[in-house]
Each structure stands twice: as structure tokens, then as C-alpha cells.
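Some notes on the structure that comes next.
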């Protein structure tokens, strides 16, 4: 036996609310770790409840289940040390550290904790101090902050524990590393966003160097509603070297050893290119949404355009071609090449493909509506009607067959409301909801890196909704490269329209697009959820009033 | 001149984001107050931005507008004292009172403040200490807490200032009232819920008595998205007497005088019955949503059932009969009496009424879908199709005429998913979204208190969705009085199904209904917003994951 301390980071896919299932995951990991001679195992943040459990945390029954699960883990921890992330009810004997905590009467008062068990006994409890309450996070809705570091000794090594946000607060890290700590273990539930993994590594390297302390970062993996957790757990040594890197977007154990004079780790998974990371985030977003809601088959409208083409590619990679049904629903404005291209992609991918014309349905509605429309000029009403007939068809197929409808709109369209509520917005999961149109094109190229999955013509032809004769997106929107940049600055960076104009964009375009963003909040509020992959998605992340008169 | 101090509570309807407009409201109030010889005016919480401004607070341009508005108020405060609620950027010279505040980099760091100006000069600033971050509130997302009471002297009277949540924290009230305070002024943005006003009065009376200090409570009025602020500002004297009461659901000034030995107030508006309060909350919810989003006309499907009947009554009271269009869309399962009753109510109210059959549209979809439906039994797909054809019709009328579609589902239905996504759920505002079915019946009786607005037959016939032959709600749901009680306990009180069963309900019903609540979160997530009138509505108030496996 060496004096090395062997630590295993459990990069697991915990399911929200499934305390029994998550407990089984941890118990199984304890078994294997003991078999493998591992000394310490560490789960991600809130591994027992999944992340984020949201208002399930307000249910007293949830707390009871968690406490029972912890008893089982405690009993199972023979022969090793288990560090498990979990909500924990604040013991009534502890003073309320939150001056105004008493205000929120009713639900259980909780910490976001890590429980540490060794050899069948409770050793310590660390309570998360930094509670993020911004972006998609609402932790101060549920938790009260802890107020002290925790260091435990295992085989003579001193291990400090932190949870997620804590490691981003220099003072908290420094306090935890005081007094010859041998390794800092950080339990995380850090969602994916483009560039986020680089940011984590850079930051944690900096903290390791500054505190001369190795840091092990274990992240959750798996998708939960709009969040995608990318895994990619890693270990940084005391001089800032990334000595171990787990894989991304899949469950994995990352084992490392604290040796006398170094941190050793055999696993060094490759980092992903930006396109591959984004694409795999979307694929995991879809596959986990289906797995966790119990759907097995997907249905989508394939229009011959690039958004539905990319959505189909993602769906097939997530679910398999035999579980995806693409439906082309032509109308008189649909170009022949749209039908051809749609069929070609479905054939290449080998998924079910159907064509259902909406001609007679649209005409029937127009007949019924004629008395009301008399004297009114043609406008977007007629376009929306086509889109809604398609929505009704897809939903009927969905209801009858149990397949979930995927919507295909991208972030640029969702931003300016270039979509029909109850039409192309009808569906359960919006795959590209947080992907800018310019990234849609880049991902289409990524999909085609080895073979032409998406017909080249779909990528190169001018984008069109095909809801009116000879319609092109550029009739009503600026070119997408310009549009995406101005929208990013308005939506993700909170620039004012004047700032964006000063940066060199056409004033009229900027004002019109920002206004479209403002007035289309009502559409986004009724949109399907979809995977968040940017720093600010249209979901829990961006909370705007519908009725407001703010003009920046 | 007496030594009395005259104070005016400004129960105003501030519009979210409309800093310029809200500034004008305050400036106008300053003018009249000066004319009326008032010494002190007090606005509701965040009067300059409206409440809740949500993520508009993250925009630096909003902060700039607020600071400019405050300069104007300061200059205008000649001859009196102005207490105005507003977000306020934390001066860089002030230490960060929040140990982990540095984590949330980027957006402006703000207090939720009351600025006090007298005679053209800044006198003091109070920063809210209790920041609610539960139910519909997200104040810790935007604000950092203040840490000290503020007392200002006006004409020798000592006035302490608190903001909303603060008054619910006994320690904070006690600290503010130390040292011979003559009156506590509380700025509020307290949303309506059934029974809430009684709770406010009881609590504030208690605080007044305990601290031997009069308390003036000024509340916002008006609706903002799903929140309805009911106004009802009031003044409690030092022995707990409610000496002044403003009206409800409308703008109003409440004037009172601090005299040598008493608090005097001439206004004592009547409290409202529970039914009247709820009904007026719905009416204000509708009228303000239209006013604040710029819609002038409403459209709704009138089915002959009680939900759409009540929705129509509310819409007509909110907007006037000439701005409401009721559309009956019969199919073969629609009873003749449904068409008759719908027409009768529209006639009584004097609003536009149309009949459009969905027969041919439904048949056309069935024809197009026949190849896919072959071999599948009839199920709810066919029911949803009828509902969706109605949704398409209403949305086409809405798009063409600019009228906003009101949806008519109630809270009991939204809870168990007894509604069709993109069908009867299609629309911009869900009037009864937070009204339990049993309350729908009570409100229908309230509407008919003076004359039969809602045909008696609509109230007494067994409820039915009329989507299949001889269908009644009771075929698939427990009686509504039982259903509502079990749902309230599950949804509003966080009871587990076992607790509800133990309380005397049929186990099978309870388990089935709770499961329906769980699995229909995806529908609610895409539902239109509607006025929150209970302690836990289906909006910002209840944040549940869609994909979860929690079983209580």
C-alpha cells in the first residue's frame, strides 16, 4: 500500500426529483470505488436531487426522501470516504445565519450542502456559501448560505470542500485553503454555454496557483429542461497544470492520486472544438429531454430550409433515425426544390419522411373567414394561417402516435418574433432556440464535415419562410451576420440601441430590430423550452416583462 | 397654520419601464400636493420604474434614466418633502455590504431605495433591508440589502421609512421605531391575492401596537403582466386603529394628518367582499394588460360554458362591450342550447357575436391525416383537433383585426391539463388562469347579482368540454369541490398525495390528479399569462421542472 490518496470524481447524470434513482447511482459508485481501491469519491452538486430541483425543494416530502437517502449512503460508506452533494435541512439548533431568513415562512429552510461520510459515519457537512441568484440561477429562493470552510482529513491528507459558485469567490477559496490543505474538492452543477469550459479552467488554474493548492472540479453531466451540463470534470495541480480532464457530454469517472509530491491522473480527454461542443450540447439536450420525460419518438416539420435541416440532423444523432419522423407540408408557395431537398436529407439519414399538403385546410379556413376578412388587405394573417395549419397537423400526428414535436426556429428568429405562435412554434422542444442563425450555418457545415447530410443547396440558397410568393428573409431583416451582432449586443450584453448605432450599424435597422425584440416577448413567453447554449438564453435566463414601455 | 403634519400617500399606477411617464406622475403629484398644502408625499415602492421591472434593471440605460428623473424630482421638491421609491445604483464609495456581492459582475449594483427630498435638496436615502426572493419575487436577483434604518425630521416630526417586506420583519420595524418616531411610512408594491388585504392590515396593526407608532402603508395599484396590485393603502394609529383606508383597484390619494395627540384621516373606504375583490382584480388585470400593451379590442371563443361566460363578463367590464367580440365555433358535438346561451349572453351584454362552424376544417384535417390514423382508435387527438381549429380561427381573426384573444380556462383545468395546447389555450391573456372552478361558479353568481348576465342554464348545467358525444367533465374528473380542495393542498400547500388521502379523499383520485398536475407542466409552461389572484399562481410563482421524476 502506498501513501497515495486515490480520489474519484463521479461525473454522473443525476435526474431531477429522482432521489431513489440518484441514490442508487451513488450506492453503485461506492461499490465500484471500494472494489477499485479508491479512497474518496466526490459527486457533483445536489447529486441526490439533480440540478436544478426548482420548487420541488419547497415540498417537505422531498426533504424526507433526501434524509433517508443520506442514511443509506452513510451506512454504505464502509472502507472509504463519500462526499455527496445534497440539499440539507437547517438543523433547528443552528442559529439562523440570515438576518431576514425568518421572513420566508413555510417551506423547509435548507442549505446547499456536501455531506461527508467515512467508514459508515458522518464526518462533516459543508454548506455552500456563494449562492448564485443571477442568470438561470435562483439559489437564494431555496437556500441560506453557509458561513465557514470545512476541511476533512483522509489518510493524513487535508481535503477542503467547496460547492460551485464558491470557487468563483477568491475570498472563499483563500479561506478554505488556509492551513496546509492538500486538495480542494469542488462539487459543481455548471451548465454549458459556448466558451464556458475554457473560462472554468482559466479561473480554477488561477485559484490553484494563487492558493498553491490542487483543485479537483467535478461537474454534473446531462440535460435538464433548458440546461445542458457538459461534464468535463478536471484536476488542476498546485502550479496550475491541468493534470486530468474527463470527457464531455457523457457520464465518466475521473480518478486521480494525491502523491507525496505531485498530483497524478491518467485521463486527459481532448477538449472539443467550439462547433463540436455546441453540436454535442444540442444532441445531449434533445436525447436527455426525451429520456427524462419518457418520450421515445420525435416528429418535425422539414421545410427544405436550413433550420429544420439542422434540427433533423441533431434529432437523428440524439435519438437514432428510426425514432424520427420528418414531415414536409407544402403549400402553393413552397418551391419544388424545397420538397426535393427535404426528401434527400431524410433519405440520407434514413428516417421516416411524409408529405402532407396543407392546401385544402388553408383554403377551408379562408372560406370560413371570408366574411370577416372582406375589405381587409392581405397581410401576415394569411402567412400565419399556413404556419398554423402545419402546427395543427404535426400536433395531431403527435397526439395520435405519441411522438414529441420538435420546433425548428433559431435564436435570431425568436429574438425578433420571426415565427408564428401556435404555428411553427408549436411543439415540445425547441432545439435551436438559443443558436444564432450565423451559428446555424456553421453547425450545418459541421454536420456535413464527413458527408453531405444536409443538401448543399439548403445551405447556400437564400433563407426564406416560403409563406408568400418569392419571399426571402432579407426582405424584412438585415443580413444575418449584422442582425446577430446587433441582437447579441442588445440581448446578451444589455447595450442600448444608441450604443449599437454608435458601433457602426444602421440606425433604422437597430431601432427596428430592438423594438421587435421588445414587442415579441409575448411570443417567447409561450415558446417551447430549448437548450440554453449562450450566456443568456430566452428562458429562465432572461426575465422580461411583457407589458413595459422602457425605451433605452 | 397648525403644527399638524399633512402627509399624502400616492396610490398610483406606475407603468413598468416608463421612467419618463412615471416621473410625470410624480411631478404632477408634487404640484397638486403643494397647492393643497400637503407637507409630505409618499409614493409606492419602485414608483419610478414600476414593479416588477425584472431584467430591465440589468440595463445600464435604465439606471441612467432613473438618476435623471431623480434630479428632476429633487429640483421640483420646493416647499415640501417627497419620498419616492426607486432603484438606486450603489455608490462606489460605499462598501459592499454583501460578502459575496462581487460574484455577480456586470450589471449595475442596485439598492431598492426610497429617496427623500425637501425644498429642492436631497435629505436622505433609505435602502430596503428585507429583499423577498420567494413566490413571485426575485429581489435578490437585482438588489443588495440596505443595513440601517433612516429617520427624517419634517416640521419637527420624526418619520421613519421602510419598504414593503421590511414591515413584515419585526426586528427591522422595531429598529426603525426606536427613539420617538412619530410615524412609520412604508412604501409598497404588494400584489393582490385572495385574503391578502386582511393579512396586511392585521400584521401592520400588530406592528403599530407593538412599537407604539402609527404606520402609513402606501401601495401600488394597477396590473402588470400576471400581478395585480390592489392599492387599498391605509393608515394605522399607534394603538392599532385603522384610521384611514384608501379605495381599491384604482388610483387614489390618501391624505392624513399627524396631529399633536392623534392621527386624523377623513377617508375610510369600505372593504370589499371576497367575491367583489376577486372580480375587480380580474377586471383590472384585463383592463391594464390591454392599456399597457396597447391593445384596444378583445376576442374570445364563447362556448356556452361557464368559463367563457365569466371571461366575457370580465372582459366587458374591463373594456366595454363595444371592444369585445365573442365568437361561437360549433361542431357536431356542440349542443343547440350552447349556441343559444352564448348568443343570449352576448345580446344581454351588447357585444359583437359571431358564429363560425369548424365542421369543414376539422373534416379536412381528418382527411389529410387519414393515411396516418389508419388502424389507430379514436382518442383525444380528435378532441384536440376541434379545439385547435377553433384556436386557428380566433388567431386569424386576431391577426387580421388586431384584437387580442382571451383564453378562458380556469385554474382547476390548468392544473390537471384539461385544456388543449394551441387550441383553447391559444391567446394572449388567460383571465381565469388562477381562479379555481368552484370560485368560477361563485363569481358567476356575483356577476348575476343584479340581473341575469350569464344565463342561469350556463351556471346550472353539468360542465362539459363538448369535444365528444355526451361528454361531461365528471366523466374524467372528480366533482369540482373535491378536485379543487385536493389540488389546492397539492399545489398551494405542498402536501404530499399521502397527506391528502389521509385527509379523507379517495386514494385513486388523489394519485391520478397529482400525477396529472406533474405531467402537465409542459402545457402550463406554454400557457398565456393571466392575473395571479391566489397565494400560488401558475406563473413566476411556481417554478417546476418539466422533466422530473419526483414522487411525493
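Chains as they are written, first to last, in the numbering used here: chain A, 920 to 1471; chain B, 920 to 1471. Here a beta-carbon is modelled for each residue, glycine too, at the ideal position from N, C-alpha and C.
Cα-Cα separation, residue i to residue j
i: residue 1305 (chain A); j: residue 1299 (chain A); result: 10 Å
i: residue 1193 (chain A); j: residue 1425 (chain A); result: 30 Å
i: residue 956 (chain A); j: residue 925 (chain A); result: 8 Å
i: residue 965 (chain A); j: residue 1325 (chain A); result: 30 Å
i: residue 1376 (chain A); j: residue 1260 (chain A); result: 8 Å
i: residue 1170 (chain B); j: residue 934 (chain B); result: 13 Å
i: residue 1444 (chain B); j: residue 1167 (chain B); result: 31 Å
i: residue 1246 (chain A); j: residue 1402 (chain A); result: 30 Å
i: residue 1038 (chain B); j: residue 1008 (chain B); result: 23 Å
i: residue 1047 (chain B); j: residue 1257 (chain A); result: 59 Å
i: residue 1190 (chain B); j: residue 1086 (chain B); result: 22 Å
i: residue 1269 (chain B); j: residue 1251 (chain B); result: 27 Å
i: residue 940 (chain A); j: residue 1032 (chain A); result: 19 Å
i: residue 927 (chain B); j: residue 1059 (chain B); result: 30 Å
i: residue 1242 (chain B); j: residue 1138 (chain A); result: 55 Å
i: residue 1186 (chain A); j: residue 1345 (chain B); result: 52 Å
i: residue 1041 (chain B); j: residue 1208 (chain A); result: 55 Å
i: residue 1091 (chain A); j: residue 1068 (chain A); result: 8 Å
i: residue 1285 (chain B); j: residue 1308 (chain A); result: 12 Å
Burial state of residue i (16 or more Cβ within 10 Å)
i: residue 932 (chain B); result: buried
i: residue 1023 (chain B); result: Here the model assigns residue 1023 (chain B) a pLDDT of 42, short of 50, so the residue's position is not dependable, and the following value carries that caveat. Answer is buried; the Cβ neighbour count reaches 16.
i: residue 1475 (chain B); result: The structure shown does not extend to residue 1475 (chain B), since chain B is modelled only from 920 through 1471, so no value can be given for it.
i: residue 1066 (chain B); result: exposed
i: residue 1295 (chain A); result: exposed
i: residue 1398 (chain B); result: exposed
i: residue 950 (chain B); result: exposed
i: residue 1297 (chain B); result: exposed
i: residue 1381 (chain A); result: exposed
i: residue 936 (chain A); result: buried
i: residue 1331 (chain B); result: buried
i: residue 968 (chain A); result: buried
i: residue 1473 (chain B); result: Not covered by the structure: residue 1473 (chain B). The range shown for chain B is 920 to 1471.
i: residue 1072 (chain B); result: exposed
The ligand COA heavy atom lying under 7 Å from the CB of residue i
i: residue 1376 (chain B); result: For the ligand COA, the structure offers nothing, since it holds no ligand at all.
Cβ pair count under 8 Å reaching 3, the region 1093 to 1104 of chain B against the region 1072 to 1080 of chain B: They touch, by the three-pair rule.
Interface residues of the region 1278 to 1305 of chain A facing chain B [CB-CB below 8 Å]: The residues in question are 1279, 1280, 1283, 1284, 1286, 1287, 1288, 1291, 1292, 1295, 1298, 1299, 1300, 1303 and 1304.
Ranges of the alpha helix (DSSP H) found wholly within the region 1109 to 1168 of chain B, counting only runs of at least 4: 1115 to 1130, all fully within the region 1109 to 1168 of chain B.
Segment contact flag, the region 1145 to 1159 of chain B with the region 1130 to 1137 of chain B, C-beta cutoff 8 Å, min 3 pairs: By the C-beta criterion, the region 1145 to 1159 of chain B is judged to be in contact with the region 1130 to 1137 of chain B, since at least 3 inter-stretch pairs fall below 8 Å.
The region 1214 to 1223 of chain B / the region 1316 to 1335 of chain B touching (three or more Cβ pairs under 8 Å): Judged by Cβ distances under 8 Å, the region 1214 to 1223 of chain B makes contact with the region 1316 to 1335 of chain B, as three or more pairs qualify.
Alpha helix (DSSP H) runs wholly inside the region 1352 to 1417 of chain B, at least 4 long, in chain order: As far as the region 1352 to 1417 of chain B is concerned, its whole alpha helix (DSSP H) runs of at least 4 residues are 1356 to 1366, 1375 to 1379 and 1399 to 1406.
Residues within the region 1044 to 1076 of chain B neighbouring chain A, beta-carbon criterion of under 8 Å: Those residues of the region 1044 to 1076 of chain B placed with their C-beta closer than 8 Å to a C-beta in chain A are 1048, 1049, 1050, 1051, 1052, 1053, 1057, 1059, 1060 and 1064, ordered along the chain.
Contacting positions in the region 952 to 983 of chain B - beta carbon closer than 8 Å to chain A: Correct list: 969, 971, 972, 973, 974, 975, 977, 978, 979, 980 and 981.
Cβ pair count under 8 Å reaching 3, the region 1344 to 1356 of chain A against the region 1224 to 1238 of chain A: By the Cβ rule, the region 1344 to 1356 of chain A counts as touching the region 1224 to 1238 of chain A, because three or more pairs are nearer than 8 Å.
Under 7 Å (Cβ pairs) to chain A, residues found in the region 1407 to 1419 of chain B: Under the 7 Å Cβ criterion, the region 1407 to 1419 of chain B contributes 1413 and 1415.
Contacting positions in the region 1307 to 1330 of chain B - beta carbon closer than 8 Å to chain A: Hits within the stretch, in order: 1307, 1308, 1310, 1311, 1312, 1314, 1315, 1316, 1318, 1319 and 1320.
Validate contact between the region 1195 to 1204 of chain B and the region 1445 to 1456 of chain A using beta carbons, cut 8 Å, 3 pairs: Short answer: they don't touch.
Three-pair Cβ contact test at 8 Å for the region 1109 to 1118 of chain A versus the region 1137 to 1152 of chain A: Touching, yes, given that three or more Cβ pairs across the two stretches are closer than 8 Å.
Cβ contact (3+ pairs, closer than 8 Å) linking the region 937 to 953 of chain A and the region 979 to 992 of chain A: In this structure the region 937 to 953 of chain A touches the region 979 to 992 of chain A; the number of beta carbon pairs closer than 8 Å is three or more.
Secondary structure, alpha helix (DSSP H): runs of 4+ residues fully inside the region 1225 to 1272 of chain A: Listed in chain order, the complete alpha helix (DSSP H) runs (minimum 4 residues) inside the region 1225 to 1272 of chain A are 1225 to 1238 and 1255 to 1268.
Near-chain B residues of the region 1123 to 1143 of chain A - C-beta to any C-beta below 9 Å: Answer set for the region 1123 to 1143 of chain A: 1142 and 1143.
Complete beta strand (DSSP E) runs within the region 1288 to 1359 of chain B (minimum length 3 residues, chain order): Those beta strand (DSSP E) runs which fall completely within the region 1288 to 1359 of chain B and span 3+ residues are 1323 to 1326.
Residues from the region 1459 to 1471 of chain B in contact with chain A, defined by Cβ distance under 7 Å: So the list reads 1461, 1462, 1463, 1464, 1465, 1466, 1467, 1468, 1469 and 1471, given in the order they occur along the chain.
Three or more C-beta pairs below 8 Å linking the region 1426 to 1433 of chain A and the region 1406 to 1418 of chain A: Proximity of the region 1426 to 1433 of chain A to the region 1406 to 1418 of chain A meets the contact definition, three or more beta-carbon pairs being nearer than 8 Å.
Under 9 Å (Cβ pairs) to chain A, residues found in the region 1250 to 1275 of chain B: Residues of the region 1250 to 1275 of chain B with a C-beta less than 9 Å from any C-beta of chain A: 1273 and 1275, listed in chain order.
Interface positions of the region 1415 to 1445 of chain A facing chain B (Cβ-Cβ less than 7 Å), listed along the chain: Shown in chain order are the members of the region 1415 to 1445 of chain A whose Cβ falls below 7 Å from a Cβ of chain B: 1415, 1441, 1444 and 1445.
Proximal residues, the region 1197 to 1226 of chain B versus chain A, C-beta separation under 7 Å: So the close ones are 1208, 1211 and 1212.
The region 1340 to 1351 of chain B: positions lying closer than 7 Å to chain A by Cβ: Those residues of the region 1340 to 1351 of chain B that come within reach of chain A (Cβ to Cβ, closer than 7 Å) are 1341, 1345 and 1347.
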